[in-house]
Each structure stands twice: as C-alpha cells, then as structure tokens.
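Worksheet: the structure to be examined is printed underneath.
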Amino acid sequence: MSLQEQAFQSQEMRESFVIDTKEKAVWALRKLAKIRREMEENQSIADKEIERIKLWLEDVNGALQKDAEYFESLLQAYHRMVLEENPKAKTIKLPHGTLKARKQEPDYIRDEEKLLAWTKENQPEAVKVKENVDWSTLKKMIVSTENGVAIDENGQVIEGITVVDRGIKFSVEVAE
Numbered sequence: 000m001s002l003q004e005q006a007f008q009s010q011e012m013r014e015s016f017v018i019d020t021k022e023k024a025v026w027a028l029r030k031l032a033k034i035r036r037e038m039e040e041n042q043s044i045a046d047k048e049i050e051r052i053k054l055w056l057e058d059v060n061g062a063l064q065k066d067a068e069y070f071e072s073l074l075q076a077y078h079r080m081v082l083e084e085n086p087k088a089k090t091i092k093l094p095h096g097t098l099k100a101r102k103q104e105p106d107y108i109r110d111e112e113k114l115l116a117w118t119k120e121n122q123p124e125a126v127k128v129k130e131n132v133d134w135s136t137l138k139k140m141i142v143s144t145e146n147g148v149a150i151d152e153n154g155q156v157i158e159g160i161t162v163v164d165r166g167i168k169f170s171v172e173v174a175e
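Quick note: the sequence shown, position 26, residue 25 per numbering that gives the first Met the number 0, numbers continuous.
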C-alpha cells in the first residue's frame, strides 16, 4: 500500500472515529498528552538550535560590525570636511554609495506636568481633552440583554452596544 493510500485510509478512519464513552475519552486525552509532549520537545530542540545559530551569527558578525563602524566613521569625517569647504554638499554620490548629511529636528525633553500647567495657562488651545467611556463601570450597569440589545438598570436601551452571544467555550486540559 502506498503512502498516499495509507494517508487516505487514515483520514477515513479519523472521520469515522467518535468518542462516545469515558474509556475512549481517556484514551484520547492520553493520546493528546503524548502529542503535546512531543510538540514541546520539538520546540525545545528548535529553540536550542535557534540560540546556537544566534550565537554563531553574533560571533561571525562581531568583527565585521566593528569594521563597518570604522569605515562609516572615516566616511563621516570625510563628509564633514567636504561640508566645511562647501556647505551645499549635503549629498555626495559615489560609484559604490551615497553620503548624506541632513539637519535633524531638535529633541525635546518634556516634563509633562509642568508643560501641561504652563500650556493650560498660556496656550489653552494647545491642550487636548480626551473623553472616553469607562467600560468597566458601564458594563456593571448592564442588567440584561435580549436579541442583541443592551439595557441599563433603568430599562433604557444603551445605544452603541450590540450584544453578541458567544456560546459555550470548550477547552481541554491534559494532566501532565
């Protein structure tokens, strides 16, 4: 029998298998526990290999990174020298790359409390007021739901909420 025929036969058996007794459920839980252990072992092996490869990459690229930083610093020094002679030489095109110099926006270190107090007093139009629903408080006020409609404790329909019944969630916990 070919692998394809075995796979087809196995699929047919899976489709016809039903758990209808406690014994079959116990067997299925044992099988599931074994499968999960094997998956964890595979993950562990993969994690170790990934870590080994990361260490190798750090090792082989470490010296290369130092060389790259060295040449970048030399190129930056060259570009500074060219900029001193010609302030318009912000871009230098070369056969194997381009050197670019761009003025950056300043960085602002902010003390939010002091800044907010000053802004409220001096530039109130630059203050944002953000309103949002306190969902945990509102959720406690929802008394009942019918046909996807949320109702508060006074019987008023709460607009903006559609209740979706999610049914029963089943999960399987396998004892280790």
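The beta carbon of each residue, even a glycine, is placed where N, CA and C say it ideally should be. Just so you know, these numbers come straight off a predicted model, no measurement behind them.
- Message: If I follow the unbroken beta strand (DSSP E) through VAL142, where does it start and stop?
- Response: Residue numbering aside, residue 142 sits at position 143 when the sequence shown is read from its first letter. Counting along the chain, the beta strand (DSSP E) containing VAL142 begins and ends at 141–145.
- Query: So, helix, strand or coil for LYS65, using DSSP?
  - Reply: The sequence position of residue 65 within the sequence shown is 66, counting from 1. For LYS65, the three-state secondary structure derived from DSSP is helix.
- Item | Residues that DSSP places opposite ALA149 in a beta bridge | For the purposes of this step, residue 149 is identified with residue 150 of the sequence shown, where counting begins at 1. For ALA149, which the question treats as bridged, DSSP gives the partners THR144.
- Query: Okay, do the region 158–165 and the region 135–150 touch, 3+ Cβ pairs below 8 Å being the bar?
  - Reply: Judged by Cβ distances under 8 Å, the region 158–165 makes contact with the region 135–150, as three or more pairs qualify.
- Task: Locate the alpha helix (DSSP H) running through LYS119, then write down its first and last residues.
- Result: On the sequence shown, position 120 is the one that residue 119 refers to. Per DSSP, LYS119 belongs to the alpha helix (DSSP H) from 111–121.
- Query: Span of the beta strand (DSSP E) holding THR97?
  - Reply: Within the sequence shown, residue 97 is the residue found at index 98, counting from 1. Residues 96–99.
- Report the residue from LYS89, THR118, ARG29 and VAL173 whose alpha carbon sits nearest the alpha carbon of ARG101. The residue you call residue 101 lines up with position 102 of the sequence shown. Out of LYS89, THR118, ARG29 and VAL173, LYS89 has the C-alpha closest to the C-alpha of ARG101.
- Look up GLU37 in the DSSP assignment and say whether it is helix, strand or coil. Walking along the sequence shown from the start, residue 37 turns up at place 38. In the three-state scheme derived from DSSP, where H, G and I count as helix and E and B as strand, GLU37 is classed as helix.
- Query: Which stretch, first to last residue, makes up the beta strand (DSSP E) that contains ILE18?
  - Reply: Translated into the one-based positions of the sequence shown, residue 18 becomes position 19. Where ILE18 is concerned, there is no enclosing beta strand (DSSP E), given that its DSSP letter is neither H nor E.
- Query: Does the Cβ-Cβ distance between ILE32 and VAL173 come in under 8 Å?
  - Reply: Position 33 of the sequence shown holds residue 32. Position 174 of the sequence shown holds residue 173. Sequence check: residue 32 is Ala here, not Ile. Yes, they are a contact pair.
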